[in-house]
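Take a look at the structure below.
Protein chains: 2
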Amino acid sequence: MLPKKKVVIVKDSSEHNSKRLEHHEAIKAEMRKCFSTIDSFSEKDIAEALELISLKTLKKGEHLLREGDFSARSYSIISGCVRQYYLVDGEEKTTFFYTEGQSIFAPNGASERIPSKYYLSCVEHTTVSIISLEKQNEMFKKFPILESMSRNTLREELNNYQEMLATYITTNPEERYLNLLKFRAELLNRVPQYQLASYLGVTPESLSRIRKRIFLK
Amino acid sequence: MLPKKKVVIVKDSSEHNSKRLEHHEAIKAEMRKCFSTIDSFSEKDIAEALELISLKTLKKGEHLLREGDFSARSYSIISGCVRQYYLVDGEEKTTFFYTEGQSIFAPNGASERIPSKYYLSCVEHTTVSIISLEKQNEMFKKFPILESMSRNTLREELNNYQEMLATYITTNPEERYLNLLKFRAELLNRVPQYQLASYLGVTPESLSRIRKRIFLK
DNA sequence: AAAAGTTATTGACTTTAGATAAGAAAGAAC
DNA sequence: GTTCTTTCTTATCTAAAGTCAATAACTTTT
Chain G
32 MLPKKKVVIV
42 KDSSEHNSKR
52 LEHHEAIKAE
62 MRKCFSTIDS
72 FSEKDIAEAL
82 ELISLKTLKK
92 GEHLLREGDF
102 SARSYSIISG
112 CVRQYYLVDG
122 EEKTTFFYTE
132 GQSIFAPNGA
142 SERIPSKYYL
152 SCVEHTTVSI
162 ISLEKQNEMF
172 KKFPILESMS
182 RNTLREELNN
192 YQEMLATYIT
202 TNPEERYLNL
212 LKFRAELLNR
222 VPQYQLASYL
232 GVTPESLSRI
242 RKRIFLK
Chain B
32 MLPKKKVVIV
42 KDSSEHNSKR
52 LEHHEAIKAE
62 MRKCFSTIDS
72 FSEKDIAEAL
82 ELISLKTLKK
92 GEHLLREGDF
102 SARSYSIISG
112 CVRQYYLVDG
122 EEKTTFFYTE
132 GQSIFAPNGA
142 SERIPSKYYL
152 SCVEHTTVSI
162 ISLEKQNEMF
172 KKFPILESMS
182 RNTLREELNN
192 YQEMLATYIT
202 TNPEERYLNL
212 LKFRAELLNR
222 VPQYQLASYL
232 GVTPESLSRI
242 RKRIFLK
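Read top to bottom, the protein sequences are chains G and B. Residues in the first sequence are numbered consecutively from 32, following my numbering. Residues in the second sequence are numbered consecutively from 32, following my numbering.
As structure tokens, then:
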């Protein structure tokens, strides 16, 4: 079998880089707008806060995080789609899809001492914002209001996960697929079906049959 | 076989009340110890913080929260066991068991405006600490360090839930039962099997068969 | 356009779970 | 103790999911 070639030949790397920078500047402008909605924030505050956040753009298939990595960062998806998966007995078990606006809060118990148990891989061309825990703490010290906001976001996110777990427990694969259709229909067009199957907790063959069953009804 | 007597006969309710108060005082003393491990906390701070927290003791089968309730509180289990369940088509679907030391963070998206979708019911005689969101905010204003601590706890809890969801997705009912045996074995003796079955996402009949299958191996 | 690789579907067969009903075991109430 | 209720197990049958293998549909590469 031939080796898998994933090499993307960048003909002019400087051109490519400058385009990416333009893209990143546009995003920073968006983030500036976002920060400026906070009443107590001066122009200088905004600039300082933005300094602490970095941006990264990845291609389809590239990894943001791998099993065993030591990472103490939080990510937020600006555009694109990131898949979280575990490698169990050589099999990829997908456990979540993050899309625009969603955040990945401090994986690994937020500690640089605990290795990651899972992978974060880009389903498509993706841009994320990144902030290290260190810089986040710095930011919270400077702008305590952000700590409150962060706590609220965390609590909401915790609630989301509690509901997701509850939904997962109380539904069967067919219902889960219908829920996906209802609440995250865009995923069906963005993500290969075998990854969705894994996310729904069934084999690709089963998902194929579930789809057929639904279609026949 | 002789019946197991768990009956606690309360002859005199005033006596009962005074006993409960003693019990609660003992718990407050424990909590005082806990707060006193925070360096920056003076005796007065501890007393003030404790003022904001209330205790409640419930009997087996009593509810802490019902579907439709408007609640803006966080709970922490001091002793006992609380079951979270949803009522779906008249059927109780158990989605979590909280035991000693575990906290129930701000159900209902932490808003007094959103009705609860689930029930919290005591599996056994249970004591919980309760703090309203209002008083929690008051406390955080007075003692900012508690806000940081709370944020960290929330992040850890979020991580726990992410892992629980991932585990649920990547395992089948038999594996989930084995996991329960491994990590929360005490639950098997505290919780009726049909509630565990629901928590594992199967019918009581299936759990019975799973147990038999495992036993025969 | 052809070849190679990846992803999705289908079929045959096995295993496991759901539904229903009946009976056994354990616990609570009398 | 006996009775009543709840909980657990077993049996039968049906429905759905897993496994393995083959093929079809779709993408990417050349």
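Built from N, CA and C at the ideal position, the CB exists for glycine as well.
Please check the pair Val-222 of chain B and Pro-204 of chain B, which I expect to be a contact at CB under 8 Å, by giving their CB distance rounded to whole angstroms. Not quite, the Cβ-Cβ distance comes to about 16 Å (not below 8 Å), so this is no contact.
Does any residue of chain G have a CB that is nearer than 8 Å to the CB of Leu-151 of chain B? no
Establish whether the CB of Gly-140 of chain G and some CB of chain B are separated by less than 8 Å. For Gly-140 of chain G, the predicted structure reports a pLDDT of 48, less than 50, and the residue's modelled location is therefore unreliable. A value from the coordinates is still provided. So yes, Gly-140 of chain G belongs to the interface.
Less than 8 Å between CB atoms is the rule here; does Arg-114 of chain G satisfy it with respect to chain B? no
Excluding five sequence neighbours on each side, which residues of the same chain lie with their C-beta closer than 8 Å to the C-beta of Ser-134 of chain G? Ser-105, Tyr-106, Ser-107, Ile-108, Thr-184 and Glu-188
Taking the CB atoms as reference points, tell me whether Asn-210 of chain B and Thr-198 of chain B lie closer together than 8 Å. yes
Counting contacts by CB-CB distance shorter than 8 Å, is Gly-232 of chain G in contact with chain B? yes
Beta carbon of Arg-63 of chain B nearer than 8 Å to that of Leu-81 of chain B: yes
So, at 6 Å on beta carbons, what are the nonlocal neighbours of Leu-89 of chain B in its own chain, with the 5 sequence-adjacent residues on each side left out? Cys-153 and Thr-157
Answer yes or no: do Ser-179 of chain B and Glu-178 of chain G have a C-beta to C-beta separation smaller than 8 Å? yes
Taking just the CA atoms, how far does Leu-196 of chain B sit from Ser-163 of chain G? 25 Å
Let me know the alpha helix (DSSP H) ranges lying completely inside the region 181–244 of chain G, each 4 residues or longer, listed in chain order. 204–214, 217–221 and 224–231
What's the C-alpha gap between Cys-251 of chain G and Ile-58 of chain B? No answer is possible for residue 251 of chain G: the residues shown for chain G start at 32 and end at 248.
When you compare the CB of Ala-103 of chain B with every CB in chain G, is at least one pair closer than 8 Å? no
Taking 8 Å as the threshold (beta carbon to beta carbon), is Glu-178 of chain B in contact with chain G? yes
Which residues of the region 51–72 of chain G have a Cβ closer than 8 Å to any Cβ of chain B? Give them in chain order. none
Could you compute how far the alpha carbon of Tyr-230 of chain B sits from the alpha carbon of Gln-115 of chain B? 10 Å
Need the endpoints of the beta strand (DSSP E) that Leu-118 of chain G sits in, please. 112–119
With DSSP as the reference, label Ile-69 of chain G as helix, strand or coil. coil
Does any CB atom of chain G fall closer than 8 Å to the CB of Ser-181 of chain B? yes
Please report the straight-line C-alpha distance between Ser-147 of chain G and Phe-174 of chain B, rounded to a whole angstrom. 33 Å
Run down chain G in chain order and give the residues with a C-beta less than 7 Å from the C-beta of Met-195 of chain B. Leu-196
Going by DSSP, what residue range makes up the beta strand (DSSP E) through Glu-122 of chain G? 122–130
Alpha carbon to alpha carbon, how far is Glu-123 of chain G from Arg-242 of chain G? Give it in angstroms, no decimals. 22 Å
CB contact flag (Tyr-208 of chain B, Leu-238 of chain B, <8 Å): yes
Please check the pair Cys-112 of chain B and Glu-155 of chain B, which I expect to be a contact at CB under 8 Å, by giving their CB distance rounded to whole angstroms. 5 Å
Quick one: grab the DSSP three-state call for Lys-248 of chain B. coil
Rounded to whole angstroms, what is the Cα-Cα separation between Ser-160 of chain B and Tyr-149 of chain B? 19 Å
Would you check if the distance between the CB atom of Phe-128 of chain B and the CB atom of Leu-212 of chain B is smaller than 8 Å? no
On the premise that Tyr-192 of chain B lies in contact with Tyr-192 of chain G, defined as a C-beta separation below 8 Å, what is that separation, rounded to the nearest angstrom? 4 Å
Contact set for Ile-83 of chain B: own chain, Cβ-Cβ below 8 Å, skip 5 residues either direction: Strictly speaking, residue 83 of chain B in this sequence is Leu, with Ile absent from that position. Excluding positions up to five away in sequence, the list reads Ile-162, Lys-166, Gln-167, Glu-169 and Met-170.
Can you look up Leu-164 of chain B in the DSSP assignment and give me helix, strand or coil? helix
How close, in whole Å, do the beta carbons of Leu-151 of chain B and His-94 of chain B come, if the pair is a contact with beta carbons under 8 Å? 6 Å
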